Amino acid sequence: MMLSIRQLIRSPLPSPIPTLACIRFNTTGPEQAPKKTKFGPLHDDDRIFTNLYGRHDWRLKGAQSRGDWYKTKEILLKGVDWILGEIKSSGLRGRGGAGFPTGLKWSFMNKPSDGRPKYLVVNADEGEPGTCKDREIMRHDPHKLVEGCLVAGRSMGARAAYIYIRGEFYNEASNLQVAVQEAYSAGLIGHNACGSGYDFDVFVVRGAGAYICGEETALIESIEGKQGKPRLKPPFPADVGVFGCPTTVANVETVAVAPTICRRGGSWFAGFGRERNSGTKLFNISGHVNNPCTVEEEMSIPLKELIERHAGGVTGGWDNLLAVIPGGSSTPLIPRSVCETVLMDFDALVQAQTGLGTAAIIVMDKSTDIVRAIARLIEFYKHESCGQCTPCREGDFKKKKKKKTLNNCF
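Using this note's numbering, the first residue of the sequence shown is number 117, and each one after it goes up by one.
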């Protein structure tokens, strides 16, 4: 049985399978390599985020010793088309939840200039219950994000990046601001960034704790000093974004992996995971597990292996598992029968009638009162609703009333 917490935002489905009449058989060409069927575990040499647990120095010297800012000037000088080509060939899809192809999204900014500057906005307003992957990047690997802003900004011809960080993330904002200042002092950003002739600024903007500011247009409104309320679309941010200028809004993890993809090649990144679901991914595992953690793994790794290998398994053993929320509280939960075989990627979870979302895995064992658990999430969304759209404003209120009815039934 599937219990939906909120309406699932589905990723694009694969293209329809061609009919037999349209298939051409090549009897003379070389045999194609067999499709990959085993995913994970990820080797340490292939990890992009090497300081998730803060065991190493997060300042500039420490970051450079781990490979950050290496040959960044060469990447910038290769130009917009080359950077976009690597991102597209990598198969990278947005890591914030929607899963839109990143290279395609960034290419929307490469239109003839109308005189307005272009901006990159990084959505670091990580307020989804159960999600804390971006927090670890900003706290322990902030230079990955700053360098990522520079590379991503170059790919879209942006003049500056605004990193909008959740108001409660005080330590993360402090570390990020220090990293930005270090990058300025070293000539890595600002005027003539990395000696490339490209001018690029990075600004850190702190939010005030509103969940709705995770929505891209509400976030833009907040950066402009207005109340964080979503805008009507169209116009879309790529046409009219922050300060009325063309803007791309991207997730922290999406931006942070861009330099490594450019250094190691899009084909390297595309070698992980399945087709349309490639790369490495940060997963949060919390709830009823023996070792809650944030870990980088190969996309498409089985959910069961992910929990047992990195989180020490379900408390009381796998048979004690009741259900899992696989992608943050906005995604429908799945029962143990589905968890046995499901892969952790966009398409597999859509087929399982849920979604990858932010890849924040919330594990519930059989001691969980599932009605109370969902009621708690309903209360969160009711409290955080901006009240502008009817389904959210009225729907959460009605769900809360329905919850009371369910409580009386048990």
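Ideal Cβ placement from N, Cα and C applies to all residues, glycine included.
Bear in mind the structure is a predicted one, so any value in this text is a computation, not a measurement.
*Determine the direct distance from the alpha carbon of Phe-165 to that of Ala-179, and round the result to whole angstroms.*
Looking up residue 179 in the sequence shown gives position 63. Looking up residue 165 in the sequence shown gives position 49. About 11 Å.
*Which two residues bound the contiguous alpha helix (DSSP H) that contains Ser-290?*
By one-based count along the sequence shown, residue 290 stands at place 174. Start and end: 286-301.
*From Glu-510 to Tyr-186, what does the alpha carbon distance come to, in whole angstroms?*
Counting from one through the sequence shown, the residue named residue 510 turns up at place 394. Counting from one through the sequence shown, the residue named residue 186 turns up at place 70. Those two C-alpha atoms are separated by around 51 Å.
*asked:* Taking the straight line between their C-alpha atoms, what separation do you get for Ser-402 and Gly-231?
replied: For the purposes of this step, residue 402 is identified with residue 286 of the sequence shown, where counting begins at 1. For the purposes of this step, residue 231 is identified with residue 115 of the sequence shown, where counting begins at 1. Approximately 47 Å, taken between the alpha carbons.
*Go ahead and label Glu-391 buried or exposed: buried means 16 or more other beta carbons lie within 10 angstroms of its beta carbon, across all protein chains shown.*
Indexing the sequence shown from 1 puts residue 391 at position 275. Counting Cβ neighbours within 10 Å, Glu-391 comes out exposed, since fewer than 16 surround it.
*Beta-carbon separation of Asn-393 and Ala-427 under 9 Å?*
Your numbering for residue 393 matches position 277 in the sequence shown. Your numbering for residue 427 matches position 311 in the sequence shown. Cβ distance not < 9 Å, so Asn-393 and Ala-427 don't count as in contact.
*Out of curiosity, what's the CA-to-CA distance linking Cys-248 and Leu-261?*
On the sequence shown, position 132 is the one that residue 248 refers to. On the sequence shown, position 145 is the one that residue 261 refers to. Going by the C-alpha atoms only, they are around 15 Å apart.
*Element boundaries [alpha helix (DSSP H), containing Phe-399]*: On the sequence shown, position 283 is the one that residue 399 refers to. Note, Phe-399: premise wrong, no alpha helix (DSSP H); beta strand (DSSP E) at 396-403.
*Mind checking who Ala-366 pairs with in its DSSP beta bridge?*
Translated into positions along the sequence shown, residue 366 becomes position 250. DSSP lists Val-238 as partners of Ala-366.
_Phe-496 - containing alpha helix (DSSP H), residue span_ = Within the sequence shown, numbered from 1, the residue matching residue 496 stands at position 380. It spans 486-500 - the alpha helix (DSSP H) in which Phe-496 sits, taken as one unbroken run.
*For Ile-417, which residues from the same chain have a beta carbon less than 6 Å from its beta carbon, with the 5 sequence-adjacent residues on both sides left out?*
Counting from one through the sequence shown, the residue named residue 417 turns up at place 301. Answer for Ile-417: Phe-155, Gly-156, Met-460, listed in chain order.
*Whole-angstrom distance between Ile-305 and Gln-293, CA atom to CA atom*: Working through the sequence shown from its first residue, we reach residue 293 at position 177. Working through the sequence shown from its first residue, we reach residue 305 at position 189. Looking at the two C-alpha atoms, the distance is approximately 13 Å.
*What's the gap between the Cα of Ala-240 and the Cα of Gly-264?*
Here residue 240 corresponds to residue number 124 of the sequence shown, with the count starting at 1. Here residue 264 corresponds to residue number 148 of the sequence shown, with the count starting at 1. Between Ala-240 and Gly-264, the C-alpha separation is close to 13 Å.
*Go through its chain and collect everything with a Cβ distance to Phe-216's Cβ below 7 Å, but skip five positions before and after it.*
For the purposes of this step, residue 216 is identified with residue 100 of the sequence shown, where counting begins at 1. Result list for Phe-216: Arg-209, Gly-210, in chain order.
_Span separating the alpha-carbon of Cys-508 from that of Lys-151_ = Locating residue 508 in the sequence shown gives position 392, counting from the first residue. Locating residue 151 in the sequence shown gives position 35, counting from the first residue. C-alpha separation (whole angstroms): 42 Å.
*Inspect the CB distances between the segment 212-228 and the segment 271-288 and report whether three or more fall short of 8 Å.*
yes
*Measure the CB-CB distance between Leu-192 and Ala-295 and report whether it falls below 9 Å.*
As a working note, residue 192 is residue 76 in the sequence shown. As a working note, residue 295 is residue 179 in the sequence shown. The answer is no: Cβ separation not under 9 Å.
*Take Ile-279 and list the residues in its own chain whose beta-carbon comes closer than 6 Å to its own, dropping the five residues that flank it on each side.*
As a working note, residue 279 is residue 163 in the sequence shown. Contacts found: Val-238, Ala-240, Val-320.
*Could you check if Glu-351 is buried or exposed, using at least 16 other CB atoms within 10 Å of its CB as the buried criterion?*
Translated into the one-based positions of the sequence shown, residue 351 becomes position 235. First, the amino acid is wrong: residue 351 is Pro here, not Glu. Exposed: under 16 other Cβ atoms inside 10 Å.
*asked:* So, at 6 Å on beta carbons, what are the nonlocal neighbours of Asp-312 in its own chain, with the 5 sequence-adjacent residues on each side left out?
replied: On the sequence shown, position 196 is the one that residue 312 refers to. Checking the sequence shown, residue 312 turns out to be Ser, not Asp. Cβ within range, chain order: Lys-189, Leu-192, Leu-193.
*Gly-357 and Tyr-235: beta carbons closer than 9 Å?*
As a first step, residue 357 must be located in the sequence shown, where it is residue number 241. As a first step, residue 235 must be located in the sequence shown, where it is residue number 119. Their beta carbons are under 9 Å apart, which means Gly-357 touches Tyr-235 by this criterion.
*For Gly-246 versus Ala-476, is the C-beta distance shorter than 9 Å?*
Start at 1 with the first residue of the sequence shown, and residue 246 comes out as number 130. Start at 1 with the first residue of the sequence shown, and residue 476 comes out as number 360. Going by C-beta atoms, Gly-246 is nearer than 9 Å to Ala-476.
*Ignoring anything shorter than 3 residues or poking outside the segment 423-498, list the beta strand (DSSP E) runs there in chain order.*
437-441, 476-481
*Compare the Cα-Cα distances from Ser-229 to each of Leu-437, Cys-361, Thr-396 and report the closest residue.*
To locate residue 229, count along the sequence shown from 1; it is residue 113. Of the candidates Leu-437, Cys-361, Thr-396, the one whose C-alpha sits nearest the C-alpha of Ser-229 is Cys-361.
*Straight-line gap, Tyr-314 to Val-371 (C-alpha atoms, nearest Å)*: Against the sequence shown, residue 314 aligns to sequence position 198. Against the sequence shown, residue 371 aligns to sequence position 255. Going by the C-alpha atoms only, they are around 18 Å apart.
*Can you name, in chain order, every residue of its own chain whose Cβ lies under 7 Å from the Cβ of Arg-251, other than the five neighbours on each side?*
Indexing the sequence shown from 1 puts residue 251 at position 135. So the list reads Glu-242, Phe-285, Glu-288, once near-sequence residues are dropped.
*So what does DSSP say about Glu-421, is it helix, strand or coil?*
On the sequence shown, residue 421 is found 305 positions in, with the first residue counted as 1. Residue state, collapsed to three classes: helix.
*Within 10 angstroms of its Cβ, does Asp-317 collect 16 or more other Cβ (buried), or is it exposed?*
Numbered from its first residue, the sequence shown carries residue 317 at position 201. Buried, because 16 or more other Cβ atoms sit within 10 Å of the Cβ of Asp-317.
*Ala-354 to Gly-330, Cα distance in whole Å?*
As a working mapping, residue 354 is identified with position 238 in the sequence shown. As a working mapping, residue 330 is identified with position 214 in the sequence shown. Those two C-alpha atoms are separated by around 17 Å.
*Within 10 angstroms of the Cβ of Tyr-497, are there 16 or more other Cβ atoms? Answer buried if so, exposed if not.*
Position 381 of the sequence shown, counted from the start, is the residue given in the question as residue 497. Buried: at least 16 other Cβ atoms inside 10 Å.
*Should Arg-171 go down as buried or exposed, given a rule of 16 or more other Cβ atoms within 10 Å for buried?*
Working through the sequence shown from its first residue, we reach residue 171 at position 55. It counts as exposed.
_Among the candidates Leu-419, Arg-492, Cys-409, Glu-244, whose CA atom is the shortest distance from the CA of Ile-450?_
Counting from one through the sequence shown, the residue named residue 450 turns up at place 334. The shortest Cα separation from Ile-450 among Leu-419, Arg-492, Cys-409, Glu-244 belongs to Leu-419.
*Cβ-based neighbour list, Ile-281, same chain, cut-off 6 Å, excluding 5 preceding and 5 following*: In the sequence shown, residue 281 corresponds to position 165, counting from 1. Taken in chain order, the residues that qualify are Ala-240, Ala-289, Arg-322.
*Could you check what DSSP says for Arg-209 in three-state terms: helix, strand or coil?*
By 1-based counting over the sequence shown, the position of residue 209 is 93. It is a strand residue.
_Using CA atoms only, rank isn't needed, just tell me which of Glu-413, Arg-347, Ala-334, Gly-325 is closest to Leu-168._
Looking up residue 168 in the sequence shown gives position 52. Closest option to Leu-168, Cα to Cα, is Glu-413.
*Return the first residue and the last residue of the alpha helix (DSSP H) that Ala-277 is part of.*
On the sequence shown, position 161 is the one that residue 277 refers to. Not the alpha helix (DSSP H): Ala-277 falls in the beta strand (DSSP E), residues 276-281.
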